[in-house]
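Taken in order, these protein sequences are the chains called Y and E.
Numbering follows my numbering, in which position 181 of the first sequence is assigned residue number 186; successive positions increment by one, without gaps.
Numbering follows my numbering, in which position 153 of the second sequence is assigned residue number 1205; successive positions increment by one, without gaps.
To keep things clear, I will list the structure first and then write my remarks on it.
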Amino acid sequence: MRWWIAGVAAVAVAAAVPLFLDPFGYAIRVLTLALLFAALGQAWNIVGGLANQISLGHAAFFGLGAYTSTLLLIHFSVSPWLGMFAGALVAAIAAYLLSFPTMRLRGHYFALATLAFGEVLRIIAISWSDVTGGPVGLSVPFAMEDSFALLQFRSTLPYYYIILGALVLISCVFLAIRHSALGYRLRAVKENVEAAEVIGVDTTRVKIIAAVVSAALTAVLGTLYAQFNYFFDPDAVFGIVPVSIRAAIVTILGGTGTVMGPIVGAFFIIPVEELANSYLSSQMAGLSQLAFGLVLIVVILIQPRGILVLIRDGAARFRKGGGA
Amino acid sequence: MTFVQAVIDGLMIGGVYAVISIGLTLVFGVMGIINFAQAEFLMLGMFIAYFAWQLLGLDPLIGSFLSFALIFGLGVLVQRTLIQRVLNAPPLAQIFVTVGLLIVIENLALIAFGSDFRSVSTAYQTMALRVGPLFISAPYLAAFLMSLLCGVALWLFTNRTWYGRAMRATAQDPMAAHLMGINADRMRQIAFGLGVGLTAFGGAVILPYFTVHPTVGQQFVVLMFTVVVLGGLGSVAGAVVGGLTVGVIQSVSTLFFPIQLQNLVLFIVFITMLALRPNGLLGDVR
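Written out as structure tokens, the structure reads:
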């Protein structure tokens, strides 16, 4: 039960932090982005962490979420609160269809196939300009006043709490899956697919369920991103590096397969990236992304299991050193 | 006649696709690693040829040798410092080392060269050969012939030289190769250097009809993977067949679909191949 209390305490702290910040300020924007990418990493973690199916195409679902809800809002005035479920449904169907050709693939092959899927959706979004606005992208129609029903606020504060809520929800889904029979089956897939098959696990079925859940949650975050930013283009929501790789990286940096992994990873890399952006990008475009890539390589070379393991090892060494 | 024309255009481009993709399959064959940063080396090769043209007045077709040599050296360095260290790591670490490399190279290029689109101008840029009712564009033909040359050179290297044979031996069985006195690490360095060098060469020879910018690699990502998966990952001959096939598919598909959807057609081919024959057209059925 100790982790449960720690979790509630962490959420309470996270909920209290904005009280000390300017609700229109830069700091809360950075924290909100960190929460968003932590949630994205957590959704990726369901397939990437538990089943070790390394997806490089989560941008596909993120973008489907952003486009579906925004198009519904623009053309039919559907509230994004409903639009996000429509987006989730579209993404779930896409993930289900994609699972047929990809479910037997592993490791590098699976990564290749998912990467290509994300890329193709990006290309469609760029080419199909009648609907998607093409390379220019879409703007969310803004009523110039706060509206909970339309998920529109002038200050960042409400977005902070909504996205915090999404992170908590997705983390709970992740934990629920991890501690369920499905979670054990997914980890059996991760350890040894043949052995899992032999003991009677329907590996295809559990992988599909995980992929569909992960895709639907990712699409919800796509909707929130669109509402939070008011504007997006194909590269921003369907991009390989901005979304697909970032979802994987925040998780890998923190530690895959653990609930804290994506959160630690996102709160490490997003502020670094944002600070680099705000202080350096006026001089050199690309510098913050460069830092992003270097951090990734260094962490993989030092400890591919992530920062959490690094900290644990470091703490163990420290205790050992102190005791001697 | 437009169909025949499209096939010929496709073969011209396909030859280049083969050369830029051979490196991916070569490295996979020797090390079992997919270099997700492969297209970034193509971009670097294009930039080297561009600056050779601008500063030294070298035609890109000549500058391509400079691109090959410099990127070969860079590839050896990357193999020694990065790839070597994840050879026995789980796929996750292998994938993300090269993904990290992709981000680093792309953004270094952005910092160094800015985001401008650049192109060269050559005397033969707008020329075309006329064969009966068909036209063959001179820069496409030149790039195709250079790629052919490159393919023949690679074949001679892998089949007629000691290093080439040693490299293939390492690919088949690193331990046995080691026992025969082959330095497997050196062979991997040569394989990676060759792999990215050939890609850079291919980038340089298309420069007369292609603009270069730091994110140009993104256009080639799905394409290169389709070529190697079509031919069978690890098979050099497969990459040639795959390259030509992809070139023709792409060119012929423009007769039926808008040009922006070329990559969609490629993706369908790609995903069908992965699902039905992951070992490629020339590989065994799994």
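Glycine included, each C-beta is placed from N, C-alpha and C at the ideal position.
Treat the numbers as computed from the prediction; the structure is a model and nothing was measured.
Here residue 1202 (chain E) is buried. Its C-beta has 16 or more other C-beta atoms within 10 Å. Comparing C-alpha distances from residue 208 (chain Y) to each of Y:240, Y:269, Y:57 and Y:220 shows the shortest one belongs to Y:57.
Runs of the alpha helix (DSSP H) lying entirely within the stretch 261-325 of chain Y and spanning at least 4 residues, in chain order: 266-285 and 292-307. In the pairwise beta carbon analysis, the stretch 244-263 of chain Y is classified as touching the stretch 57-68 of chain Y: at least three pairs are separated by under 8 Å. Against chain Y, the CB of residue 1253 (chain E) has no partner CB under 7 Å away; the residue lies outside that interface. Contact fails between the stretch 215-224 of chain Y and the stretch 270-285 of chain Y, because fewer than three Cβ pairs, one in each stretch, are under 8 Å apart. Using a Cβ distance threshold of 7 Å, residue 1213 (chain E) and residue 1236 (chain E) do not count as a contacting pair. Cβ proximity to chain Y below 7 Å picks out 1273, 1274 and 1277 from the stretch 1268-1280 of chain E. Residues of the stretch 273-299 of chain Y with a Cβ closer than 7 Å to any Cβ of chain E, in chain order: 289, 290, 291, 292, 294, 295, 297, 298 and 299. Think of a sphere of 7 Å around the beta carbon of residue 114 (chain Y): the chain E residues whose beta carbon falls inside it are 1326 and 1330, in chain order. It is roughly 10 Å from the alpha-carbon of residue 1055 (chain E) to the alpha-carbon of residue 1300 (chain E). Every beta strand (DSSP E) stretch that sits fully inside the stretch 1168-1242 of chain E and reaches 3 residues is listed by chain position as 1180-1183 and 1186-1189. By the neighbour-count definition (other C-beta atoms within 10 Å, threshold 16), residue 165 (chain Y) is a buried residue. The beta carbon of residue 242 (chain Y) does not come within 7 Å of any beta carbon belonging to chain E, so the residue lies off that interface. Considering only E:1083, E:1093, E:1326 and E:1184, the residue with the shortest C-alpha distance to residue 1254 (chain E) is E:1093. When DSSP states are grouped into helix, strand and coil, residue 237 (chain Y) belongs to the strand group. Within 7 Å of the CB of residue 239 (chain Y), no CB atom of chain E is found; the nearest one sits about 12 Å away.
Take the alpha-carbon of residue 1123 (chain E) and the one of residue 1218 (chain E): they are about 22 Å apart.
Residue 1326 (chain E) and residue 106 (chain Y) have their alpha carbons spaced roughly 7 Å apart. Annotated as proximal: residue 1248 (chain E) and residue 1075 (chain E), with beta-carbon spacing under 7 Å. In terms of beta-carbon proximity, residue 250 (chain Y) lines the interface with chain E, with at least one pair separated by less than 7 Å.
The beta-bridge partner set that DSSP reports for residue 1264 (chain E) consists of E:1170.
With its beta carbon at least 7 Å from every one in chain Y, residue 1072 (chain E) lies outside the interface.
The C-beta of residue 310 (chain Y) has 16 or more other C-beta atoms within 10 Å across all chains shown, which makes the residue buried. Taking the Cβ atoms as the reference, residue 1198 (chain E) lies roughly 12 Å from residue 1072 (chain E), outside the contact range of under 8 Å. For residue 1095 (chain E) against residue 1259 (chain E), the beta-carbon gap comes to about 11 Å, at or over 8 Å, which does not count as contact.
Beta-bridge pairing by DSSP links residue 157 (chain Y) to Y:152. Comparing alpha carbon positions, the residue from Y:212, Y:320 and Y:239 closest to residue 115 (chain Y) is Y:212. The closest CA to that of residue 78 (chain Y), considering only Y:147, Y:122, Y:131 and Y:226, is found on Y:147. Rounded to the nearest whole angstrom, the C-alpha separation of residue 285 (chain Y) and residue 1178 (chain E) is 42 Å. With contacts defined by Cβ atoms closer than 7 Å, residue 12 (chain Y) and residue 65 (chain Y) do not form a contacting pair.
In the three-state reduction of the DSSP assignment, residue 143 (chain Y) falls in the strand class.
For the pair residue 205 (chain Y) and residue 110 (chain Y), the Cα-to-Cα distance works out to about 19 Å. Residue 1089 (chain E) and residue 1170 (chain E) have their C-alpha atoms roughly 21 Å apart. Neighbourhood of residue 1134 (chain E) in chain Y, by CB distance below 8 Å: 302 and 306, in chain order. Under the three-pair Cβ rule at 8 Å, the stretch 1258-1273 of chain E counts as touching the stretch 1178-1196 of chain E.
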